[in-house]
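One structure is given below, encoded as structure tokens.
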Amino acid sequence: MIDKEKKVSPRGSSKGRSPETVRPEKRTARRNKAVAPSELATTATDRTKTGKETEGAAVSDTFDPILSSGALEMEVPLSGESIAAFKVYASLLKEWNEKMNLTGIVDDSGIALRHFVDSLTLIPHLTRELREKGGESLSLIDVGTGAGFPGIPIKVVMPSLRVTLLDSLQKRIRFLEAVCAELSLGDIESIHMRAEDAGRSKQYREKFDVATARAVAPLNILCEYCLPFVRVGGIFLSMKGNVDEEADEAEKAVITLGGTIESLYHFTLPGTDMNRTIVVIRKIRPTPGRYPRSAGKPEKEPIL
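In the numbering used here, each residue carries its 1-based index in the sequence shown increased by 1.
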């Protein structure tokens, strides 16, 4: 039985991207010492007002109110330090995007709403999960993270989380490491592997409390990428658009991979007219050893 929660907050959805599945092997990790909030705020000011970034990477004055009001509508109030961090992140995203294709969304409003606020819509679910587990932290893997969404925005707001960013393209890993270094985020690592390979690795298989994916791939395929990472009792949070029919069609895959669809959380992304859904899938038993299958198989021969 699927519990379809419904909450409507002002306006939205954003396109995600599928967890890419090319070139495994290289693994990289960066763990940094956190800086004081006042130092981070100074860094943000320096990047956006003193020209440290390349031309065209400046962030407008409208960014802050758009971001803070959008996050607040999703019940995620942001501190001044967090907003400063997001401003640095936006500047880096625009700067690096001139050299490589990280995102098609390059305007400040789009970055604030369709990347950052969209990522932060997972915060209430993570906060509830943390409270129910009675712990001080959670381990989270962001599968197919791309330019760091939703993993890095979540880490900025919930610094106690232990975050792993997984992506198959080395150039994106370099960007992620640059962002984590600039923001001095601690206890976060960037892994260059295919989701299928990492999901079979003893180092990562069923080692995480939470897996996330903001992707355009069908839910049954995403489940094969993501559920193998989640320990029994943990959750997979899939960020989708209109998904009711897709969720029904994915139920066999969810069950096969050891999960159950716990709820669908519908909302509209603030500042947009995009309909969004967070699919909450609970891991109730171990994923059978044959999953995930080899690279390309989940997409070519999805579990139906």
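A virtual CB, placed ideally from N, CA and C, is assigned to each residue, including glycine.
Same chain only: Cβ atoms within 6 Å of residue i, ignoring 5 sequence neighbours per side
| i | result |
| --- | --- |
| D65 | I84 |
| T261 | R283 and I285 |
| G52 | Per-residue confidence for G52 stands at a pLDDT of 39, beneath the threshold of 50, marking its modelled position as unreliable; no derived number is given. |
| S61 | D109 |
| D188 | R163 |
| D210 | L139, S140 and G235 |
| L131 | L139 |
Among the options, nearest to residue i - alpha-carbon criterion
| i | options | result |
| --- | --- | --- |
| Y310 | V280, I106, A254 and K253 | Shown here, the chain extends from 2 to 305; a query on residue 310 therefore has no answer. |
| E190 | S202, G200, L162 and D198 | L162 |
| M75 | T63, V89 and I124 | I124 |
| R286 | G234, F268, E302 and K241 | G234 |
| R115 | R294, T269 and L170 | T269 |
| T146 | F209, E137 and I174 | I174 |
| S202 | S295, K301, G105 and F87 | S295 |
| G111 | T165, L166, T63 and D245 | T63 |
| T165 | I142, A182 and E178 | I142 |
| G259 | R291, F117 and K134 | R291 |
| D119 | I153, E137 and G136 | I153 |
Beta-carbon gap between residue i and residue j smaller than 8 Å
| i | j | result |
| --- | --- | --- |
| I282 | F237 | yes |
| P229 | E207 | yes |
| L68 | A113 | yes |
| L127 | I155 | yes |
| L79 | V180 | no |
| V157 | A212 | no |
| E250 | N221 | yes |
| I304 | T273 | no |
| P151 | R215 | yes |
| P271 | G71 | yes |
| L139 | V77 | no |
| Y205 | P299 | no |
| A196 | P289 | no |
| T278 | K241 | yes |
| L184 | A86 | yes |
Cβ-based neighbour list, residue i, same chain, cut-off 7 Å, excluding 5 preceding and 5 following
| i | result |
| --- | --- |
| F176 | W97, L103 and A148 |
| K172 | M101 |
| V107 | K95 and N98 |
| A248 | I3, L220, I262, L265 and V280 |
| L223 | A214, A216 and S239 |
| V255 | C224, T261, I262 and I282 |
| E302 | none |
Heavy atom of the ligand HEM within 7 Å of residue i beta-carbon
| i | result |
| --- | --- |
| P303 | Of the ligands one can find in the structure shown there are none, so the ligand HEM has no counterpart to examine. |
Taking the runs of the alpha helix (DSSP H) that are 4 residues or longer, which of them lie wholly in the region 256–303?
298–301
Contained beta strand (DSSP E) runs [length at least 3] in the region 130–211, N- to C-terminal order
140–144, 163–168 and 189–193
What alpha helix (DSSP H) runs, 4 residues minimum, are completely inside the region 42–121?
64–74 and 81–98
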